[in-house]
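There are 4 protein chains.
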Amino acid sequence: MSDNFTREITPLLMEWRRTLHQKPELGFMEYYTTYRIGKELEKLGFTIHVGVDALESASRMGVPDDLLLTEQENKALGWGVEETWMEKMRGGNTGVVATWDTEKKGEHLGLRFDIDALPIKESDTNDHFPSKQGFRSQEEGVMHACGHDGHTAIGLGVAHFIAQYKDTLTGRYTLIFQPAEEGGRGAKAITDKGWLNDIDQFYTGHIGINPYPVGTIAATTRGFLASTKLNVHFKGVASHAGMKPEEGKNALLAAATAATQLYAIPRHSGGPTRINVGKMTAGSGRNIIPETSYMEIETRGETKEINRYVLQEAKRILHASAAMHDVEVTMEFVGETEEIECDDSLVPFITQACEISTYVTEVLPYAKVSGSEDASFMTNKVQKNGGRATYMLFGTELPYGHHHPSFDYQEAVISIAVDAYIHILKGGMSHE
Amino acid sequence: MSDNFTREITPLLMEWRRTLHQKPELGFMEYYTTYRIGKELEKLGFTIHVGVDALESASRMGVPDDLLLTEQENKALGWGVEETWMEKMRGGNTGVVATWDTEKKGEHLGLRFDIDALPIKESDTNDHFPSKQGFRSQEEGVMHACGHDGHTAIGLGVAHFIAQYKDTLTGRYTLIFQPAEEGGRGAKAITDKGWLNDIDQFYTGHIGINPYPVGTIAATTRGFLASTKLNVHFKGVASHAGMKPEEGKNALLAAATAATQLYAIPRHSGGPTRINVGKMTAGSGRNIIPETSYMEIETRGETKEINRYVLQEAKRILHASAAMHDVEVTMEFVGETEEIECDDSLVPFITQACEISTYVTEVLPYAKVSGSEDASFMTNKVQKNGGRATYMLFGTELPYGHHHPSFDYQEAVISIAVDAYIHILKGGMSHE
Amino acid sequence: MSDNFTREITPLLMEWRRTLHQKPELGFMEYYTTYRIGKELEKLGFTIHVGVDALESASRMGVPDDLLLTEQENKALGWGVEETWMEKMRGGNTGVVATWDTEKKGEHLGLRFDIDALPIKESDTNDHFPSKQGFRSQEEGVMHACGHDGHTAIGLGVAHFIAQYKDTLTGRYTLIFQPAEEGGRGAKAITDKGWLNDIDQFYTGHIGINPYPVGTIAATTRGFLASTKLNVHFKGVASHAGMKPEEGKNALLAAATAATQLYAIPRHSGGPTRINVGKMTAGSGRNIIPETSYMEIETRGETKEINRYVLQEAKRILHASAAMHDVEVTMEFVGETEEIECDDSLVPFITQACEISTYVTEVLPYAKVSGSEDASFMTNKVQKNGGRATYMLFGTELPYGHHHPSFDYQEAVISIAVDAYIHILKGGMSHE
Amino acid sequence: MSDNFTREITPLLMEWRRTLHQKPELGFMEYYTTYRIGKELEKLGFTIHVGVDALESASRMGVPDDLLLTEQENKALGWGVEETWMEKMRGGNTGVVATWDTEKKGEHLGLRFDIDALPIKESDTNDHFPSKQGFRSQEEGVMHACGHDGHTAIGLGVAHFIAQYKDTLTGRYTLIFQPAEEGGRGAKAITDKGWLNDIDQFYTGHIGINPYPVGTIAATTRGFLASTKLNVHFKGVASHAGMKPEEGKNALLAAATAATQLYAIPRHSGGPTRINVGKMTAGSGRNIIPETSYMEIETRGETKEINRYVLQEAKRILHASAAMHDVEVTMEFVGETEEIECDDSLVPFITQACEISTYVTEVLPYAKVSGSEDASFMTNKVQKNGGRATYMLFGTELPYGHHHPSFDYQEAVISIAVDAYIHILKGGMSHE
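Residue numbers (this note's numbering), protein chains in the order written: chain A, 20 to 451; chain B, 20 to 451; chain C, 20 to 451; chain D, 20 to 451.
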């Protein structure tokens, strides 16, 4: 049945993807995106949870400041978001959780799709497919440069399948449309709301990442590191560098000291670690002892414990660097991910389920990846409660890498992912 | 005679000052300012030298880029600058040198007034005098926050005196209206043009600096340090900090290493030194090994030789920091000053000359200052050729320090400075 | 047959071990040790290769200076080493290679035993077994604190077996008694002489390391890292720190800068790396800008390539640190090891061969270790030429760790290792 | 009268100097030296104060450890020091204060002579005067390399003068033979005992320092900086650098971090500062995360206040460096000096007093020096209580600098200094 379904829904998938691509929204500001998803799911008959009903507001990290939120809220209202919807989302409470209970005995499956865009100015050259096809971002400086427009379309496709085949399905379904994946800021808030507490099987994944041909999927991934993202502010005392150098408290030097010391955090014998100071700004004028400085840092470790070791070292170093130059330091934790350890037991199941798909041409048992993913909060919660979880890849050629102004992917991967998921859903049932 | 003169010209001084205050222009972009000064001097009968006739174009440092120059040129044309004047100035060749020859035997006196403004947004609160009086800067983000509007008015006042009393004066007069004093960028270009080569007495100075009461002036200053201003760019290689840390070449670390090492340049037994990294920016994203970094640095030393020692150490450290992280470094020298050693023999002369002034209430033999001044290129050139030179201070209360958004001074200091200078001019003659 | 052999030779093993323990000699100074081994092997009928016949003299690293060599040579002569033997060894050419050809078809087996001691003062308390039993080091400050006395005894035991059972054996045997394992200084010199070029099976190993009970052995090891050991000297210029700070060139700061930067060498995505500055000395007096400094450094990497990456970074940093402080740097490479990758195909063979040993109670397929071993040069050469190689562990309780003044092991492990090796030798034959 | 006196005592001065030169003793271990001085002064009729009667034992800094003290005490007893004298000195309470009261009205004059030697191995080449003349140090590794043997001889010469001319003198005299000047460790202990509390005129000085010809003296000096000498110990945790890098706490890195940061203490606008890390040692073995490190540091400032600023910065940096690497730090203050500001009013007096000396050929009003001197505690105490004080120089050629193994001076300077002092004493009287 699914082949027909996938073929028939493909035009809709394309339309959703392209519409969203033109209205990209940054993390915790996906007002319009949330609204569009929610309306669609509502129409299909799902039970909808939006805003503070979907996520634990206090668990969000790196929420934009009020000015930016308000600006985007007004813009979204202008784009047609209803005030009743906005009320629930206002203040950066975006994202939707949709549930469906077949009221038949069966497992509880969770699927997660991330929906946010990036602060990147999209290429406008003619060789960039979205530009050529006329669906380039209409928001200058914001871009779906990581494929979350496709992820959202995939989620809506799966939702349509559930609604359409509800009578033949068993168990329960929870579809999570998560805000603010970029920077690892949104998944924890949804996890803390409890949505993952009784999931039996949890599926999420990404298009692209590794350069597999379209049609190839990976049943699991290995290598997502636990990570913490923090912003650091040093505050010292300005002074005229020529006249009163001894009266300054040098925030630039505190940051510089911290940077050189952070990279020297001892290696850990338990597994790989990473540390990066990706950005630094300090000082105001050539002639003034710098009063302030700012750094964006990321720590990583093979496991949550190893990342915690790196983070703890980093925190001590940051405090010591402040003490070294007699300045104050404040740290803001703006993102966090855990490691992901997919359940290998899902590999044969996924492989077998997709065998009859005419879209999926090959299932790799696992893909080696790197980087970090806040879906880790969800996979770990599911597994902690006895469920199984995986993070899959859906192959597509990538003319340019992720987060690039010319990032693009083969749209066919959307249908392939939908087809893979619905075969997994059907396999999951027959699996009973 | 001068008392009457000063009293009578005071309304004009106020008008010039307030007009210029409303149209502040940054260094090497003083198109309108130069035009206004030039037209006034021309009217008085001075011989006028503008643009490449006034300065050695290639000796300028820290010239803004073409885009900014063009923008300001167009703006100045809009403000009424004549095209024939603009032709001479185009490309950042601002400033005027005005000469007057009495054709009577006598000394050659040089006076210098700096005319540029600062990239500071002027306060718009009602307790800020220029705001209250309606002559706040009309150029958002540009401000006469160091009193050069007053300096220019003083220069025009002195010019009026010379024109008016030409028959009673002897010798020659060269009035220099110098661009781009801020950052130590303009004086060398005028000096290199030869204007200081045969000056017998050279006078320049500053209003404010030390908090002397209005009416008090200092005949000389001690403590201006030689300095060099340089901008440094490090260029490395970006890499994903999680996936390929070993492939990056970290420009942020090169800058951080340089910063911590620069402040440790050994003290010099020959006299005070200073070093400051006033500004640093580096990196693009949290997760990327930073590809670029930028620093604004200033070195200082009690003498040119000691500053050269600091500069040489700094250059070696910058190169070594680049080598340390395998990145490239480029340095741009954007400003330079020398030390100033005023001629003490001018103290009794100035003191005596001003004794009969009803504006100047007290003459201090010297003021202890700090900081740096590119007038040093001029004083040193004059002295090298056998002339005498001084850098004076003209007292005024300052509610806020120089370079502050609320910087302001007592306008009375303008008349006082004019009166001091014209007594010196007259004294200079009788001194013959 | 071997059980009886091992039981019967055990008293001799103990005697050898204890005799050698009392006369410990540092790397490349094992004159007496080499002589004792050589005489024993000669007596047994082996073909003996000593001194420059055994190793490539120029490939040695970290050879002690002539004064120390001469002193030890004289001491060894005093201990009875014959002048004809000393002639071959003089100048630090220690170690023996003994070969035996059964002149029957069969594989060529190589075994390696390291023979050097450490610069550690042995404990003289009564709870230290060698002290209590009266065979404590007679050389104050030199000690067999890593069990190479036992290794040598094991080698002699195996040699006795070969000589005694020569008629039942096939193929060829090469026994390598290697000098200067500590610091990774001797194995390369023997390897470069060509002894490993046509070995079919290569065995070496260590007693202790992991705390396995006596009787347990590990057929292979995993985790020995490639490493480089270097000594670094910075040479600057002294100056009175109070009077002429600007005239000094600070070698202490060069070393301190290098140290802080070395630990920050970027992690490598290809595998674990290590860096350590284990020792630093600098400067002469409180009041003098330090003229000299010295550091002992070790780099490590999972593979030779990754270690080379670390080493290359370290070298650049050392040069840049010297440039930073305008001092000179010289580096001395005093030791090197490669990674070891044991042949897993030897595991079932060793396991089976030792099954009938009454000494070996358990064979672990592999032991996880860390650290580095210059036997790596040998294993890699054997494998490169098509042979198979392993590095084994022989379990013993260790009251204190290796390189500790109270280091000791259960002497029974010596007989167990001999018994393991002779079963392997016999198994190797039947294996034909 | 003095000419004859000085001429007559010169042979004795030479004898004292050469005897002491052969028996140099380090600071707080001048047992033999103190005894010889004391016996001589006692013989002359001075009231003698030795050991804890001369100094405040608890105020001493950098006292050698007990083992060293005991060793030197035994050696001194072997050299003939009487047990009754040793009793008073035992534990490092060396030095003598000798007082003389003429019981005639007059000023109270204080003179100070330092008596300790340095841990330097004296040159034994024939071109080194003491070697050639047979009075080279008999204590290998200890040497009078700063002329304190001469200072002591000068003091004894002055004492003889006082005793001999007691009837013609007025007022009171306090002669201080101070231990442990090197490292600034002894003067404070004598000052704290109260000896300087009511001195009217205080004289001390140094032979050499500046290369004035013999016969030239300087009445005062300018430039001795306040200073603090501290030893720093970092204590971390050792760990195998390959196996468990994350378990170490790196004391070497703490010291290296501190060193690079200390030199970057901001310059002070109030006057010159200095900082030096003269010595560093850290770590034990190449492969071990260093557990301990040690540094010898000196801070300096033009005044006590400015030195205190540097010291306070240094302390914060040392604590922060320890925190940076999670290790412990302890600081030991082993020496301290203050700035010296000689009384200019003594210049004409000294000049006039020495005018009639046939030994002193020229009196410079002041000598510019650098470095630090713990006599500062004495001069400052005298001045604080209303007295006047100076630190003089006595010219001599120096073939090699102070603290050099070949340090030597023209012995004639001893007589010259004695003659200068006795003319000052006589002038002081007539000054009444």
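Note that CB positions come from ideal geometry on N, CA and C, so glycine has one too.
Specify whether the segment 285 to 294 of chain B and the segment 328 to 341 of chain B touch according to this definition: at least 3 beta carbon pairs, one from each stretch, less than 8 Å apart.
Flag = yes, the segment 285 to 294 of chain B and the segment 328 to 341 of chain B touch.
Taking Cβ positions only, does D/Glu317 come closer than 8 Å to chain C?
Here residue 317 of chain D refers to the residue found at position 298 of the fourth sequence. Yes - at least one Cβ of chain C is within 8 Å of the one on D/Glu317.
Would you check if there are 3 or more beta carbon pairs closer than 8 Å linking the segment 139 to 147 of chain A to the segment 414 to 428 of chain A?
As far as the Cβ criterion goes, the segment 139 to 147 of chain A touches the segment 414 to 428 of chain A, which means the pair count is three or higher.
DSSP state of B/Ser258, grouped into three classes?
Against the second sequence, residue 258 of chain B aligns to sequence position 239. In this structure, B/Ser258 counts as coil in the three-state DSSP scheme.
Please report the distance separating the alpha-carbon of D/Thr189 from that of D/Asp211.
As a working mapping, residue 189 of chain D is identified with position 170 in the fourth sequence. As a working mapping, residue 211 of chain D is identified with position 192 in the fourth sequence. Each residue's alpha carbon lies about 27 Å from the other.
Could you tell me which of D/Asp146, D/Val115, D/Thr235 sits nearest to D/Phe370, measuring between CA atoms?
On the fourth sequence, position 351 is the one that residue 370 of chain D refers to. The question names Phe, but residue 370 of chain D is Thr in the sequence shown. Checked all of D/Asp146, D/Val115, D/Thr235; the closest Cα to D/Thr370 is D/Thr235.
Exposed or buried, D/Pro367, counting other C-beta atoms within 10 Å across all chains shown (16 or more means buried)?
Along the fourth sequence, one-based indexing puts residue 367 of chain D at 348. Exposed: under 16 other Cβ atoms inside 10 Å.
So, with DSSP's three-state summary, where would you put D/Leu139?
Here residue 139 of chain D refers to the residue found at position 120 of the fourth sequence. It should be noted that the sequence gives Ile, not Leu, for residue 139 of chain D. Here D/Ile139 sits in coil by DSSP.
Closer than 7 Å by beta-carbon distance: list the chain D residues that pair up with C/Tyr282, in chain order.
Looking up residue 282 of chain C in the third sequence gives position 263. Within 7 Å Cβ-Cβ: Leu272.
Using beta carbons (cut-off 8 Å, strictly below), is D/Val296 in contact with chain C?
Residue numbering aside, residue 296 of chain D sits at position 277 when the fourth sequence is read from its first letter. Judged by the 8 Å Cβ criterion, D/Val296 is in contact with chain C.
Please state if the CB of A/Ile28 and the CB of A/His179 are separated by a distance shorter than 8 Å.
On the first sequence, residue 179 of chain A is found 160 positions in, with the first residue counted as 1. On the first sequence, residue 28 of chain A is found 9 positions in, with the first residue counted as 1. Result yes, Cβ atoms of A/His179 and A/Ile28 sit closer than 8 Å.
Return the bridge partner residues of B/Met299 from the DSSP annotation.
Translated into the one-based positions of the second sequence, residue 299 of chain B becomes position 280. Paired residue(s): A/Ala301, B/Met314.
Counting pairs of Cβ atoms below 8 Å between the segment 157 to 170 of chain A and the segment 349 to 360 of chain A, do you hit three or more?
In short, these stretches do not touch, since the Cβ pair count stays below three.
Do you know whose CA, among D/Gly446, D/Arg319, D/Pro264, D/Arg79, lies nearest C/Met262's CA?
As a position in the third sequence, residue 262 of chain C is number 243, starting the count at 1. For C/Met262, the nearest C-alpha among the options comes from D/Arg319.
Can you name, in chain order, every residue of its own chain whose Cβ lies under 7 Å from the Cβ of A/Met343, other than the five neighbours on each side?
Locating residue 343 of chain A in the first sequence gives position 324, counting from the first residue. If we look at A/Met343 and ignore the five residues flanking it on each side, its Cβ neighbours are Ala273, Thr276.
By how many angstroms is the C-alpha of A/Glu59 removed from the C-alpha of A/Met105?
The residue you call residue 105 of chain A lines up with position 86 of the first sequence. The residue you call residue 59 of chain A lines up with position 40 of the first sequence. One C-alpha to the other measures close to 16 Å.
For the putative contact between B/Met299 and A/Met299, defined by C-beta atoms under 8 Å, what is the C-beta separation to the nearest angstrom?
On the second sequence, residue 299 of chain B is found 280 positions in, with the first residue counted as 1. On the first sequence, residue 299 of chain A is found 280 positions in, with the first residue counted as 1. Rounded, the Cβ-Cβ distance is 6 Å, consistent with contact.
Would B/Val346 and B/Phe243 be called neighbours here (beta carbons separated by less than 8 Å)?
Counting from one through the second sequence, the residue named residue 346 of chain B turns up at place 327. Counting from one through the second sequence, the residue named residue 243 of chain B turns up at place 224. No, the Cβ-Cβ distance between B/Val346 and B/Phe243 is not below 8 Å.
In chain order, what are the residue ranges of uninterrupted beta strand (DSSP E) at least 3 long that sit wholly in the segment 208 to 263 of chain B?
Whole beta strand (DSSP E) segments, 3+ residues: 220 to 226, 235 to 241, 245 to 254.
Give a yes or no on whether the minimum CB-CB distance between D/Glu141 and chain C is below 8 Å.
Position 122 of the fourth sequence, counted from the start, is the residue given in the question as residue 141 of chain D. No, its Cβ sits nowhere closer than 8 Å to a Cβ of chain C.
Just the Cα atoms here: how many angstroms apart are C/His450 and C/Val401?
Along the third sequence, one-based indexing puts residue 450 of chain C at 431. Along the third sequence, one-based indexing puts residue 401 of chain C at 382. For C/His450, the pLDDT reaches just 42, beneath the cut-off of 50, and the residue's location in the model is therefore unreliable, although a value from the coordinates is still provided. Computed Cα separation, rounded: 19 Å.
Looking only at its chain, what residues have a beta carbon closer than 8 Å to the beta carbon of C/Phe221, apart from the 5 residues adjacent to it on each side?
The count along the third sequence starts at 1 and reaches residue 221 of chain C at position 202. Around C/Phe221: Leu128, Gly129, Leu130, Arg131, Leu215, Met397, Thr398, Val401, Gly406, Arg407, Ala408, Thr409.
Taking D/Ala136 as the reference, which of D/Ala301, D/Tyr231, D/Pro43 has the closest Cα?
Along the fourth sequence, read from residue 1 onward, the residue named residue 136 of chain D stands at position 117. Considering only alpha carbons, the answer is D/Pro43.
Taking 8 Å as the threshold (C-beta atoms), are A/Phe47 and A/Thr113 in contact?
For this step, residue 113 of chain A is matched to residue 94 along the first sequence. For this step, residue 47 of chain A is matched to residue 28 along the first sequence. Going by C-beta atoms, A/Thr113 is nearer than 8 Å to A/Phe47.
Give a yes or no on whether the C-beta atoms belonging to A/Val296 and A/Phe196 are separated by under 8 Å.
Translated into the one-based positions of the first sequence, residue 296 of chain A becomes position 277. Translated into the one-based positions of the first sequence, residue 196 of chain A becomes position 177. It is not a contact, given that the beta carbons lie outside the stated cut-off.
Taking Cβ positions only, does C/Asn229 come closer than 8 Å to chain D?
As a first step, residue 229 of chain C is located in the third sequence; it is residue number 210 there, counting from the start. No, C/Asn229 does not count as interfacial toward chain D.
Taking CB distances under 8 Å as the criterion, tell me whether A/Met343 reaches chain D.
Your numbering for residue 343 of chain A matches position 324 in the first sequence. Taking Cβ atoms only, chain D reaches closer than 8 Å to A/Met343, which makes this a yes.
So, D/Leu249 versus D/Ile316, is the Cβ gap smaller than 8 Å?
Taking the first residue of the fourth sequence as 1, we reach residue 249 of chain D at position 230. Taking the first residue of the fourth sequence as 1, we reach residue 316 of chain D at position 297. Result yes, Cβ atoms of D/Leu249 and D/Ile316 sit closer than 8 Å.
Give the residues from the segment 296 to 310 of chain A that approach chain B closer than 9 Å (Cβ to any Cβ), ordered along the chain.
Here the close residues are Val296, Gly297, Lys298, Met299, Thr300, Ala301, Gly302, Ser303, Gly304, Arg305, Asn306, Ile307, Ile308, Pro309.
Going along chain B in order, which residues have a C-beta closer than 9 Å to the C-beta of D/Thr240?
As a first step, residue 240 of chain D is located in the fourth sequence; it is residue number 221 there, counting from the start. Chain B residues near D/Thr240: none, gap ~16 Å exceeds 9 Å.
DSSP on D/Asp362, reduced to helix/strand/coil?
Your numbering for residue 362 of chain D matches position 343 in the fourth sequence. Here D/Asp362 sits in coil by DSSP.
Counting only runs that start and end within the segment 40 to 68 of chain D, where is the alpha helix (DSSP H) found for 4 or more residues in a row?
Entirely contained in the segment 40 to 68 of chain D, the alpha helix (DSSP H) runs reaching 4 residues are, in chain order, 50 to 63.
Could you spell out the range, first to last residue, of the beta strand (DSSP E) harbouring C/Arg407?
As a position in the third sequence, residue 407 of chain C is number 388, starting the count at 1. From DSSP, the beta strand (DSSP E) with C/Arg407 extends over 407 to 413.
Where does B/Pro230 land, buried or exposed, given buried means 16+ other C-beta within 10 angstroms?
As a working mapping, residue 230 of chain B is identified with position 211 in the second sequence. B/Pro230 should be labelled exposed.
Are the beta-carbon atoms of C/Thr171 and C/Ile218 separated by less than 8 Å?
As a first step, residue 171 of chain C must be located in the third sequence, where it is residue number 152. As a first step, residue 218 of chain C must be located in the third sequence, where it is residue number 199. No.
DSSP state of A/Met350, grouped into three classes?
Working through the first sequence from its first residue, we reach residue 350 of chain A at position 331. Residue state, collapsed to three classes: strand.
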